[in-house]
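Residue numbers (our numbering): 2 to 298. Structure record follows, encoded as C-alpha cells.
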C-alpha cells in the first residue's frame, strides 16, 4: 500500500506535468477619475501579478461577445490548460491562481466555470463548439470581486492598500496610522522605518533602514538613505544620502542631497546636487527655478 506521502508526491508530479498558460481579457472600464489604475498599477497588471510569472497573453474583450469562442484563436497549443481571467478582478492573489490550477488538474476537468472567467483543457475547447461546463469553482469568492465603477474601485483600493501595509509591517516597518498611509506596490521599505500619518509613497521609491517620515510627505521614485528624516515635504525623482534632514514644506525634485545635509523649511531644490554635510537655509531656491540665492551657509 502506498503511503500518504508517496501519494502526495505522485499528485504533485501529475499537477506539474499539466502546464497552464493564462489569457487575461482586458475589459473596457467606465471613464472616471481613476482611469483604470489602482495604486499606480493598471487593473490587468494586478491580475497578471497574481499569476506569478506564468505565460500570459493579454487580449481586448468587449462585453456581449461569446468569450469562449472569442479566445479560441488566442490559445497556446503548447500548454495543456488555459486559465482565462478578466482584467476587472484585481484582488486575485497568487494562492488563488495556484488553487484554481490544482483544482482543475486533479479533477481533470474539461471546462470549469470560475466566479469570473474559466479554466479549460485546450484540446477540449479547440475541438468542440458545444461547450459543457463540467465543474464550477466557488472558493474564496471575495478575491473575485469585480471592479467596474468608482465605489468598487474604492473598496478594492482599501483591500490592496491593507495588504501592502500589512506586508511592510510584518517586515519591521512601523506605520503609525495605516488607514491614512498610501504606499504603491513597487515601493521598497527596509526594516526600522517609521511612517507617520498621511504619507504618500509612490513609484519605485526605496527607503533604507531607520528612516523617519513625519506627517504629510509625498515621495515618488526616489531613494532615501539610511537614517534620514523628512517632514511635510515633496521628494520626487531624487536621491538622499544617509542621515539627511529635510524640514517642513520643502520641494526636492531631480536632486541629489549629500549625506548628513540639512535642508531647512520652505526650500526648493530642483535639478541640483547638494554637497555632503551642507546646511541649506530656510526659503532657499537652488537649481533651475532660481539659482541666484545659493542659500548655503
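For each residue, glycine too, the CB sits at the ideal point set by N, CA and C. Just so you know, these numbers come straight off a predicted model, no measurement behind them.
For residue 265, same chain residues with a beta-carbon under 7 angstroms away, outside a window of 5 residues either side, are 248, 281, 282 and 283 in chain order. Annotation: the continuous alpha helix (DSSP H) that includes residue 99 extends over 95-108. Between residue 21 and residue 104, the C-beta gap is not smaller than 7 angstroms, which leaves the two residues out of contact. Secondary-structure assignment with DSSP links residue 42 through a beta bridge to 39.
For residue 164, the three-state secondary structure derived from DSSP is helix. In the three-state reduction of the DSSP assignment, residue 138 falls in the coil class, being assigned neither a helical nor a strand state. For residue 146, there is no enclosing beta strand (DSSP E), since its DSSP letter is neither H nor E.
Cβ-Cβ distances below 6 angstroms link residue 181 to 198 and 199 in the same chain, with the five nearest sequence neighbours on each side left out; the list follows chain order.
Residue 184 and residue 172 have their alpha carbons spaced roughly 15 angstroms apart. By DSSP's assignment, residue 220 forms a beta bridge with 202 and 236.
The straight-line gap separating the alpha-carbon atoms of residue 90 and residue 51 is approximately 10 angstroms. In terms of Cβ geometry, residue 262 and residue 286 do not form a close pair [threshold 7 angstroms]. Here DSSP, grouped into helix, strand and coil, assigns residue 231 to strand. Burial of residue 215 is indicated by the presence of at least 16 other C-beta atoms within 10 angstroms of its C-beta. For residue 126, the enclosing alpha helix (DSSP H) covers residues 123-127. With a minimum length of 3 residues, the unbroken runs of beta strand (DSSP E) contained wholly in the region 49-99 fall at 57-61 and 82-87.
When Cβ pairs closer than 8 angstroms are counted between the two stretches, the region 139-157 is seen to touch the region 91-102, the count reaching three or more. Between residue 60 and residue 26, the C-beta spacing is below 7 angstroms.
Residue burial is scored here from C-beta neighbours: residue 133 has fewer than 16 other C-beta atoms within 10 angstroms and is therefore classed as exposed. Sequence-distant Cβ neighbours of residue 123 in its own chain, meaning closer than 8 angstroms and more than five residues away, are 76, 77, 78, 80, 81, 82 and 83. Just measuring C-alpha positions, the residue of 117, 167, 242 and 72 sitting nearest residue 210 is 242. The alpha-carbon separation between residue 234 and residue 220 amounts to approximately 8 angstroms.
The beta carbon of residue 253 sits closer than 6 angstroms to the beta carbons of 236, 239 and 270 from its chain, once the five residues preceding and following it are set aside; these are given in chain order. The alpha-carbon of residue 37 is positioned some 43 angstroms away from that of residue 279. Within a 10 Å sphere around the beta-carbon of residue 127 sit fewer than 16 other beta-carbons, which makes this residue exposed. With contacts defined as CB atoms closer than 7 angstroms, residue 110 and residue 130 fail to qualify as a contacting pair.
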